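Novice: In case it helps, the numbering used here puts the sequence shown at residues 346 to 564. Ideal placement from N, C-alpha and C gives every residue a C-beta, glycine not left out. The structure presented is a predicted model; accordingly, all values stated were derived computationally and were not measured. Provided herewith is a single structure, encoded as structure tokens, for subsequent inquiry.
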Amino acid sequence: MCRADEPISIQFPIARALTADIHAIGDPDLQQVRDSILRLLEEKFNVKNEKIHGLVIFLDPRFKDRIASNKIEFNANMTSWIQEECEQEADVPINNNDSEINSPPPKRSNSFSGRHSQLFNDEIGVEEERACNAIIEMKAYCKVKCVDPEEDPLEFWKENERMCPILAKLARIFLSAPATSQPSEQLFLIARDVGNIIDINRSMALHNVIKPTPGMVKM
């Protein structure tokens, strides 16, 4: 049905279809075997509790939340996990010493608004702003029709990066990790790809449509 090195986003829909077929087996002599297979499939292909698996499926425009048995729970997890990614990125220190400008100390004010300026400050931090923008992007992304299964998911994000810059960046990271049964391996490979490097031999996209660029790493 599919090779072991197929993308995660391909393996999960196939596993979902296979699960439905196995559930339909009514032969009582095969019940024990059927239950064992279903249990193994549930353990291996769990998009509800596996962050990496869930994000790979959701960020693939061919599937999104279509294979989730409980879409409300699935989308709630996606919102939480994407917000976590935004928080982690906001924690990365930015070195702007070269362009640092020394501002004069704020003047003291005896007015009510001056003494209680925090009550009138409606600025939000970078972390909160990115999280809010990510939720807006998710809603817009979910309204877009799924692309054809034969299309390249990374090409979709290239074309829609201006509409969803946060999700597009996450997609380049998560969709470039190869399929593996070990979440720790996936986490390591995703961390290695944070610099938006897409390996032509490891891409989650259709490799025959990816053209090498000067900055591309080849295995």
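1. Near F501, what residues of its chain come up, given a Cβ to Cβ distance below 6 Å and the 5 sequence neighbours on each side ignored?
2. With burial defined as no fewer than 16 other Cβ atoms inside 10 Å of the residue's Cβ, what is the status of D497: buried or exposed?
3. Is K488 buried or exposed, if buried means 16 or more other CB atoms sit within 10 Å of its CB?
4. Touching or not, the region 398-416 and the region 504-520, by the rule of three or more beta carbon pairs under 8 Å?
5. Using the Cβ count rule (16 or more neighbours within 10 Å means buried), how would you classify E430?
6. Going by beta-carbon coordinates alone, are L400 and I427 separated by less than 9 Å?
7. Nearest-angstrom Cα distance between A485 and N505?
8. In terms of residues, what are the limits of the alpha helix (DSSP H) holding V401?
9. Indicate, with yes or no, if the ligand SAM has a heavy atom lying under 8 Å from the CB of F519.
10. How would you write the range of the alpha helix (DSSP H) that R517 sits in, first residue to last?
11. Going straight from the alpha carbon of S414 to that of I367, what length do you get?
12. Which stretch, first to last residue, makes up the alpha helix (DSSP H) that contains K503?
13. Among the residues of its own chain, which have a CB less than 8 Å from the CB of K409, if the five just before and after it don't count?
14. Consult DSSP for A479 and reduce its assignment to one of helix, strand or coil.
15. If we call anything under 9 Å between Cβ atoms a contact, is T424 one with I511?
16. Cβ of M483 within 9 Å of Cβ of N420?
17. Am I right that E434 and R475 are in contact with their C-beta atoms under 8 Å? What's the rounded C-beta distance?
18. Pick helix, strand or coil for E429, following the three-state DSSP scheme.
Specialist: Working from what's here:
1. P406, V492
2. Here D497 is buried. Its C-beta has 16 or more other C-beta atoms within 10 Å.
3. Exposed.
4. yes
5. buried
6. yes
7. 11 Å
8. 396-404
9. Of the ligands one can find in the structure shown there are none, so the ligand SAM has no counterpart to examine.
10. Taken as a continuous stretch (DSSP letters only), the alpha helix (DSSP H) holding R517 covers 510-519.
11. 16 Å
12. 498-504
13. Excluding positions up to five away in sequence, the list reads I402, F403, Y486, C487, C491.
14. helix
15. no
16. Yes. Within cutoff.
17. Contact between E434 and R475 is confirmed by a C-beta separation of about 7 Å, below the 8 Å threshold.
18. helix
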